[in-house]
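Engineer:
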Amino acid sequence: MESIKNAKHIISSILSNPAYAKLGKTFHTQKSLERLKAALPLSMQQNLVRISYHPHKILFAFSHPSFANEFNRYKIKDIISCLKCYKNEFSEILPIETLQVRGYVPKQYLAKDTQSDFDISSVLAQEICYKEHSKGEFINHASDRDLHKCFEQIRTLIIKLNNSDKNAQ
Numbered sequence: 001m002e003s004i005k006n007a008k009h010i011i012s013s014i015l016s017n018p019a020y021a022k023l024g025k026t027f028h029t030q031k032s033l034e035r036l037k038a039a040l041p042l043s044m045q046q047n048l049v050r051i052s053y054h055p056h057k058i059l060f061a062f063s064h065p066s067f068a069n070e071f072n073r074y075k076i077k078d079i080i081s082c083l084k085c086y087k088n089e090f091s092e093i094l095p096i097e098t099l100q101v102r103g104y105v106p107k108q109y110l111a112k113d114t115q116s117d118f119d120i121s122s123v124l125a126q127e128i129c130y131k132e133h134s135k136g137e138f139i140n141h142a143s144d145r146d147l148h149k150c151f152e153q154i155r156t157l158i159i160k161l162n163n164s165d166k167n168a169q
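Residues 1 to 169, numbered by my numbering, are exactly what the sequence shown covers, in order.
(1) Specify the secondary structure class of I28 as computed by DSSP and reduced to three states.
(2) What are the boundary residues of the alpha helix (DSSP H) that F67 is part of?
(3) DSSP has S52 in a bridge; who is on the other side?
(4) Evaluate I139 with the Cβ neighbour count: other Cβ atoms within 10 Å of its Cβ, from every protein chain shown; 16 or more gives buried, anything less gives exposed.
(5) Do K75 and L40 have their beta-carbon atoms positioned less than 8 Å apart in this structure?
(6) Measure the C-alpha to C-alpha separation of F60 and Y104 and round it to an integer number of angstroms.
(7) Just how far apart, CA to CA, sit N17 and K37?
(8) Nearest-angstrom Cα distance between I51 and I11?
(9) Please classify I79 as buried or exposed, where buried requires at least 16 neighbouring CB atoms within 10 angstroms.
(10) So if DSSP puts G103 in a beta bridge, which residue, or which two residues, is it bridged to?
(11) Quick one: Cα of D165 to Cα of D144, how far?
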């Protein structure tokens, strides 16, 4: 247990050393960004690959495009309001007013998503056939002679299709 305290003490003293100020700031910024993760729903947290900060920009990397899309549409406002409510916690990320927050999908995840075994040509080659559910029993209210004739042709075709289905069985 004492070695853990010593390790924590060593890390703390390194991060507080002025020579490692940039490393300390990066470490604290990363810890702050990890706290932002709590503002997201659990499913989104589980599909979050990483959070990165660049001056005036926070980027949330997701493993699937649907999570990035949902984040960009609905969750950015939650993140910004969280930053505004807890300004002291996120002092490394200020100024919040000019901050941009975006969700994206890294290239390696996009490549994985587009490389699937699905082949559209096999679906297009299939002959698609639908069974007619109508029995041709409807009232033809068309007052125009040509339109009335078209509906009667449709009725005849439906009855013919139903009779051919019965004969095929």
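Glycine residues also receive a C-beta, built at the ideal position from the N, C-alpha and C atoms.
Structural biologist: The relevant details are as follows:
(1) According to the sequence displayed, residue 28 carries His and not Ile. Reduced to three states, the DSSP call for H28 is helix.
(2) Per DSSP, F67 belongs to the alpha helix (DSSP H) from 65-70.
(3) S52 pairs with L59.
(4) Counting Cβ neighbours within 10 Å, I139 comes out exposed, since fewer than 16 surround it.
(5) One thing to note: L40 has its Cβ within 8 Å of the Cβ of K75.
(6) Each residue's CA atom was taken as its position, placing F60 and Y104 some 6 Å apart.
(7) If I take the Cα positions, the gap works out to 28 Å.
(8) Here the alpha carbon of I51 sits roughly 22 Å from the alpha carbon of I11.
(9) Flag for I79 reads buried.
(10) Paired residue(s): F60.
(11) The alpha-carbon atoms of D165 and D144 are separated by roughly 32 Å.
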